[in-house]
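**Q** Numbering (the working numbering), first residue to last: 1 to 190.
1) Give the straight-line distance between the Cα atoms of residue 69 and residue 98, rounded to the nearest whole angstrom.
2) Give me the Cα-Cα distance between residue 31 and residue 16, rounded to the nearest whole angstrom.
3) With 16 as the cutoff for other CB atoms within 10 Å, does residue 158 come out buried or exposed?
4) Exposed or buried, which one is residue 13 when buried takes at least 16 other CB atoms within 10 Å?
5) Can you tell me whether DSSP reads residue 18 as helix, strand or coil?
6) Residues in its own chain within less than 7 Å of residue 160 by CB, not counting five upstream and five downstream?
7) Only counting runs of 3 or more residues, tell me where the beta strand (DSSP E) segments fall wholly within the region 43 to 87, in order along the chain.
8) Would residue 60 and residue 80 qualify as a contact pair, given that the criterion is a beta-carbon distance under 9 Å?
9) In the DSSP assignment, the alpha helix (DSSP H) including residue 174 goes from what residue to what residue?
10) Got a sec: is the Cβ-Cβ distance from residue 55 to anything in chain C below 9 Å?
11) Could you tell me whether the region 144 to 156 touches the region 86 to 95, using the rule of 3 or more Cβ pairs below 8 Å?
12) Report yes or no: do the region 166 to 184 and the region 40 to 53 share at least 3 C-beta pairs separated by less than 8 Å?
13) Indicate the three-state DSSP secondary structure (helix, strand or coil) for residue 146 in the structure shown.
14) Roughly how many angstroms separate the alpha carbons of residue 144 and residue 115, rounded to a whole number?
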């Protein structure tokens, strides 16, 4: 007849396994999947640049980062924009509506920028003299005509979802062996 040995030790290790997975493996798996999406988003941005500090130009793609967090057993990895050039990312993703960048007091007549934008949208021809003409503003009031959206984050998620899941699964498989959990977690992007 076969005998069992080490039953109590095996049960103890099995009880610890879910907590070990949440602490040591799953955050890295979430980041591995998010990095696939982040890489695609970076490639969709191409060489687009933004003004950085000191008048320098910075690649907006360098602002695409991956961050993760754990709360109450739930692990979330996010692809976000952080750092120099990140401020432009939202404008590229969603576009902008026509708006005033600044309002000359001579044209303001006590109105707020919001009200002036509303009048231009309504077709008030008198306010259209504030547009750029041959690259030169008329007065100190500049009306920006808006910019079309060029999404890069959402399409990256939509097209790379399956690949991201596969990357997360591969990460989990690489960390869990018969001997236990191996390797260490590499952490968030800096």
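In this text, a Cβ means the ideal position worked out from N, Cα and C, and glycines have one as well.
**A** Reading it off the structure:
1) 37 Å
2) 23 Å
3) exposed
4) exposed
5) helix
6) 36, 37, 40
7) 49 to 51, 57 to 59, 64 to 71, 74 to 81
8) no
9) 153 to 175
10) Protein chain content of the structure displayed is limited to a single chain, and chain C is not contained in it.
11) yes
12) no
13) coil
14) 15 Å
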